[in-house]
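Enquirer: Note that the protein sequences, when read in sequence, are chains S and A. Offset between the first sequence (1-based) and my numbering: plus 21. Residue numbers are given in my numbering: position 441 of the second sequence equals residue 435, and the series is strictly consecutive.
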Amino acid sequence: MKCLKKILSLGVLSILFLLVLWSVPCEAKNYQGKKILYINSYHPGYYWSDGEQKAAEGFLKNTGVQLKIVYMDTKNNPSAEFSRRAGLKVKKLIQSFKPDVVIAADDTALRYVIMPYYRDAQLPVVLCGINWDLSPYGAPYKNTTGIIEIGLVGPIYKHLRKMANGNRVGILSFDSFGERKNAGYYHRYIDGELSQTEFVKDFTAWKQKFIDMQDKVDMLIVADPSGIRGWNITEAEQFVLEHIRIPVGTETVSMISISLVGVIKIPEEQGECAAAAALRILDGEKPSDIPIVSNKKGNLYVNLRIANKLGAIFSPATLRSAKVVVGGGAKD
Amino acid sequence: MLKLSIRTKIIIAFFILIILSVSFLLISFPSLSKINSLSFAAIPLSREINILQDYDESVKYLANKIELYFNIRSEEMKGEVLAAVKQVSGLATQHKHEKALSSLAGMFSVVLELNNAVTELMGYMDKGESAYTINLQIVTVNKLFEAFDRMQNNLQEARLIQLQKNVHEQTEITQRILDRFLMIEIWIIAIGFLSSIVLSRIITRNLLKLRQGTQEIAAGNFSARIDISSNDEIEELAQSFNTMADHLRKTTVSKDYMDNVIRTMAETLIVVNPDLTISSVNQATCGLLGYSEDELMGKPVKMLFSTEGTLMESAEFSELIKDAKLMNCEINYRAKSGRRIPIILSTSAMKDKDNNTVRIICTATDIIERKIAEEKLKEVAELKSKLTSMVSHELRTPLAAIKTGISIVLDGLTGGINAEQKEVLDIVKTNVDRLARLINDVLDFHKLESKKMQLKMEENDIVQVIREIYDMMNPLAEQKGLTFTLEVPALLPKAVFDKDRIIQVLSNLVNNALKFTQKGSITITADKELQGIHVAVVDTGVGIKQEDISRLFHSFEQLETPDNTKIEGTGLGLAICNEIIEQHGGDIWVESEIGKGSTFHFIIPFKRELA
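#1: Counting only the same chain and skipping the five closest in sequence on each side, list residues whose C-beta sits under 7 Å from that of A/A78.
#2: Nearest CA to the CA of A/N506: which residue from A/L546, A/D226, A/L524?
#3: Distance check for S/T95 and S/H64, CA to CA, integer angstroms please.
#4: Could you confirm whether any beta carbon from chain S is found closer than 8 Å to the beta carbon of A/V53?
#5: Just reading off the beta strand (DSSP E) that S/V345 is part of, what are its end residues?
#6: Using 8 Å as the threshold, is the C-beta distance between S/V174 and S/I242 below it?
#7: Excluding sequence positions up to five away, which residues of its chain have a Cβ less than 7 Å from the Cβ of A/Q525?
#8: Locate the beta strand (DSSP E) running through A/W583, then write down its first and last residues.
#9: Cβ of S/G108 within 8 Å of Cβ of S/V134?
#10: Can you give the beta carbon distance from S/P299 to S/I279, rounded, assuming they're within the 8 Å contact cut?
#11: Only counting the same chain, and skipping five residues up and downstream in sequence, which positions put a Cβ closer than 6 Å to that of A/A430?
#12: Does any CB atom of chain S fall closer than 8 Å to the CB of A/S688?
#13: Can you find a C-beta in chain A that's less than 8 Å from the C-beta of S/F335?
#14: Output needed for S/G54: all residues of its chain with C-beta closer than 8 Å, excluding positions within five of it in sequence on either side, in chain order.
#15: Please name the residues in the stretch 115 to 137 of chain A whose beta-carbon is closer than 7 Å to at least one beta-carbon of chain S, in chain order.
#16: Indicate the three-state DSSP secondary structure (helix, strand or coil) for A/I155 in the structure shown.
#17: Quick check on DSSP: helix, strand or coil for S/E272?
#18: Excluding the 5 residues preceding and the 5 following S/N287 in the sequence, name in chain order all residues of the same chain whose CB lies nearer than 8 Å to its CB.
#19: If we ignore side chains and look at the alpha-carbon of each, how far apart do S/A328 and S/G167 end up?
#20: Please say whether S/D239 and S/R189 have beta carbons closer to each other than 8 Å?
#21: Report buried or exposed for S/N97, applying the criterion of at least 16 other Cβ atoms within 10 angstroms of its Cβ.
#22: When the Cα atoms are used, what is the spatial distance from A/D288 to A/M344?
#23: Please state the DSSP three-state secondary structure of S/P176.
#24: Report the residues of the stretch 263 to 296 of chain S with a CB closer than 8 Å to any CB of chain A, ordered along the chain.
#25: Name, please, each residue of chain S whose Cβ falls closer than 7 Å to the Cβ of A/E61.
#26: Quick check on this structure: which residue in A/A520, A/N468, A/Q448 has the alpha carbon closest to the alpha carbon of A/Q577?
#27: What separation, rounded to the nearest whole angstrom, lies between the Cα atoms of A/E443 and A/L437?
#28: Below 9 Å on C-beta distance, what does A/F64 contact in chain S?
#29: Quick one: which unbroken alpha helix (DSSP H) runs of 4-plus residues sit fully inside the stretch 143 to 224 of chain S? Chain order, please.
#30: Excluding five sequence neighbours on each side, which residues of the same chain lie with their C-beta closer than 8 Å to the C-beta of A/K522?
#31: Between S/K344 and chain A, is any beta-carbon pair separated by less than 8 Å?
#32: Please report the distance separating the alpha-carbon of A/L500 from that of A/K509.
#33: Please compile the residues from chain A whose C-beta is within a distance smaller than 7 Å of the C-beta of S/L325.
#34: What does A/A141 reach in chain S if we use C-beta pairs closer than 7 Å?
#35: Would you call the stretch 300 to 311 of chain S in contact with the stretch 90 to 97 of chain A, where contact means no fewer than 3 C-beta pairs closer than 8 Å?
#36: Note down, one range per segment and in chain order, each beta strand (DSSP E) of at least 3 residues found wholly within the stretch 39 to 104 of chain A.
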């Protein structure tokens, strides 16, 4: 029986090998002569937009597509006037470059180029990394498709739920228009009960809310601390280590050191998805026929020091897929 | 040039092909051995791949159990984890010391290390170690799982690559063998092709000569000969052909001769097919019947014959021809003009080896001249008969007057005559009686021969007839000093016969016996036999020469005695006896020995149905 099994295995392997030998390599599609304009809302060096852009460039490499990048630099120049002028420049570039498809990365490109100049136009547009929702821009248009960028609070909730005693979720965030807007979308993606949301303006308030909320919710999601007056990460780490009682999660890299679990979005997912949609349009599909999707991938981080404080033991599978943070900042 | 038979040439070509095939095998043998060794080398590789797959499955099973344990955290799951550890550990410990698997020793170590780490982790869980320690241990276990995966993947990939290389090498060697095989095949085909061309040219050339020879023979050139010296079967065939041509030349001359004979023979000859159509005829037939040969070919043979005036029916005649059973049959040809020509026809059948009739040969002789002669003879015979009858009758009347006149004179009714006159008149009377008997015999014979004599067939007693003869002839015998006796049974069955004619026969035979017997005896015997009454007249006379016996019963045959003495008589007596007995349906014959006597036998059937 063993001998037969070996002979069969050898036979199967031989057949597989021959199939590999004889298989004809698939010829990559060639988009020679096709042009794509990639509108980067920010500037080179910004890790998020760099990630999106490099992923798109990598995806389109060796396809024959002529790819042109244009930067709007609106991170360094956040005024609306600058953004409008930058949008106009991009419009002129589009007119001269005559791209077959435009990839508009992040909200500024949509708001200052596509919405004013190419809304329902002939030019196909792939939107990339638009936060949460297209409706504030009157999108989607007839000529647009793409990927929207959402916070991965859903997966965070699922990880925290394993360690938590209930399903009540609390949000602790900086009190700003953007964070309030973000928080407004959380309920869509959390399966549990979003029972308390707190916005603070300074570190003291943050610490107080951190202690208070642990009595009212079963798990806590902490948002980006940028803008919180007096924010001190080292002090925050020490504070959390002393006072943490419930699982804490975050979608911000800077908060992993004070969280049990972090699920961090991957900008490359956005870039690749947008580039793939652009090629489908070049293949002849209408943008309106390509469904708009949202990001799903994220890097999982677990903080063993926090886990130790909470007595939380992760499953091997979680730890295997996670980037383990023993203590302090995030690292592999 | 070496001359070889076709068979030898073919055998040589066959051996060349065999040598090429064997050469191919010899050339390919090292490659085949290499394939064999590669195949053997693949076996341990395959085993290692199988073991790697087994470990992969076992370790994944372990990982799955650990994962379940950390999700469920039950004692049962813990037991399953430890059981999985034990299973993997036992397997690794066993394989680690197996020399054949030394290349997998690193993996076995990792597996054992993994097992230890898992065991340690489970121990931490039991001891309630800190979450940090446990999580770190889980990380360690995960790293060992990853290390195992990498190592297992690397090893499996390496084995697969090695196996692929092995297969690739085998494929290359197989391809080389196939190339060589193709090359040998090309050579075999080329040699076979060339051999077939050469052989076929040799054979065809000689066959063309043979064909030319046969065509010449067919055209009648029997002196044609084939000159082939290929020293093979075709040369033998050519020699046989030449021998056959020699025989043909000889036999064909005889055939011409026979054709000439048939063509010029006086008898007509018709060759008939089994379906009774004419196959061929000779010139005599065409000449006699007035047809050309073409007019007769394929026509029914029946058109040439007429059964009219014969005793044969037309259908019967056809059957007899078909069965080739006619022999000297008198029938008529029907000529083209409609004239009937009498012929004597004989048929014979030409049979094949299976005794089936393939032809019927009809030969016929024209007998028209003979028929004419027969008619003439018949006319002459009738004329003779009329003449004889007329002469006899015309002679008898004056002879009766002469005899009466002589008797009147001798009786003295016309006055007395002296002794001298009486002597002369006695001589005249004797000769007149003799002449009268002669005329009576001639008339009797004529009547018998021409079947004009009517026999008075009645039931009579032969014994009585014999006694009458005895009474009549005994005085003459006594006068001559002979003993005349009868050896006749007192009673014999009656037979149907003409009494007067049988008396005539018996008196003739007894008279002859008296005539040719000078001393001794004459005996008449009679007896009953199967076919009738057997009567014999036995004498002790001079006897008859054997050469004369056959002529004895012919008319007008006057035999001489053994001492060459001429006997008086008409020579018709025995001929008349013969005719009378034959007309009774009996038989008459003689037995005789010179000097000892003769015995004349005849048989009268008991009952004779007259036509």
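Even for Gly, the Cβ is constructed at its ideal location relative to N, Cα and C. Quick caveat: nothing in here was measured; it's all calculated off a predicted structure.
Expert: Answer, in terms of the structure:
#1: Around A/A78: Y55, L56, K59.
#2: Comparing Cα positions, the closest option is A/L546.
#3: Pairing S/H64 with S/T95, the inter-Cα distance amounts to about 7 Å.
#4: Output row for A/V53: interface = no.
#5: 343 to 346 is the extent of the beta strand (DSSP E) around S/V345.
#6: The Cβ atoms of S/V174 and S/I242 lie closer than 8 Å to each other.
#7: Cβ within range, chain order: I597, P599.
#8: Element bounds for A/W583: 581 to 587.
#9: Yes; because the gap between Cβ atoms is below 8 Å, this pair is in contact.
#10: Per the sequence shown, the amino acid found at residue 299 of chain S is Ala instead of Pro. The pair is not a contact, with the Cβ atoms about 39 Å apart (cut-off 8 Å).
#11: For A/A430, where only same-chain residues beyond five positions count, the Cβ hits under 6 Å are L393.
#12: Shown here, chain A extends from -5 to 605; a query on residue 688 of chain A therefore has no answer.
#13: Yes, S/F335 counts as interfacial toward chain A.
#14: Cβ neighbours of S/G54 beyond the five flanking positions: G85, Q87.
#15: Hits within the stretch, in order: S124, A125, Y126, I128, N129, L130, I132, V133, V135, N136.
#16: In this structure, A/I155 counts as helix in the three-state DSSP scheme.
#17: S/E272 carries a coil assignment under DSSP once its states are collapsed to helix, strand and coil.
#18: In the sequence as displayed, the identity of residue 287 of chain S is Ile instead of Asn. Within the same chain, S/I287 has close Cβ partners G72, N316, K318, G319, N320.
#19: The C-alpha of S/G167 is placed about 38 Å away from the C-alpha of S/A328.
#20: A contact, by the Cβ cut-off of 8 Å.
#21: By the neighbour-count criterion, in which 16 or more other beta carbons inside 10 Å mark a residue as buried, S/N97 falls on the exposed side.
#22: Straight-line Cα distance between these residues: approximately 23 Å.
#23: Here S/P176 sits in helix by DSSP.
#24: For the stretch 263 to 296 of chain S, which is checked against every Cβ of chain A, not one residue is closer than 8 Å.
#25: Chain S residues near A/E61: S336, P337, A338.
#26: Out of A/A520, A/N468, A/Q448, A/Q448 has the C-alpha closest to the C-alpha of A/Q577.
#27: Straight-line spacing of the CA atoms in A/E443 and A/L437 works out to 10 Å.
#28: Residues of chain S passing the Cβ test: I334, F335, S336, P337, A338, T339.
#29: As far as the stretch 143 to 224 of chain S is concerned, its whole alpha helix (DSSP H) runs of at least 4 residues are 174 to 184, 198 to 210.
#30: In the same chain as A/K522, and ignoring 5 residues on each side of it, the C-beta atoms closer than 8 Å to its own belong to P483, L486, P487, H528, in chain order.
#31: Closer than 8 Å: no.
#32: In this structure, the CA atom of A/L500 is about 14 Å from the CA atom of A/K509.
#33: Neighbours of S/L325 on chain A, chain order: Y126, N129, L130.
#34: Think of a sphere of 7 Å around the beta carbon of A/A141: no beta carbon from chain S falls inside it, the nearest being about 12 Å out.
#35: Result no; under three Cβ-Cβ pairs closer than 8 Å.
#36: Within the stretch 39 to 104 of chain A, there are no complete beta strand (DSSP E) runs of at least 3 residues.
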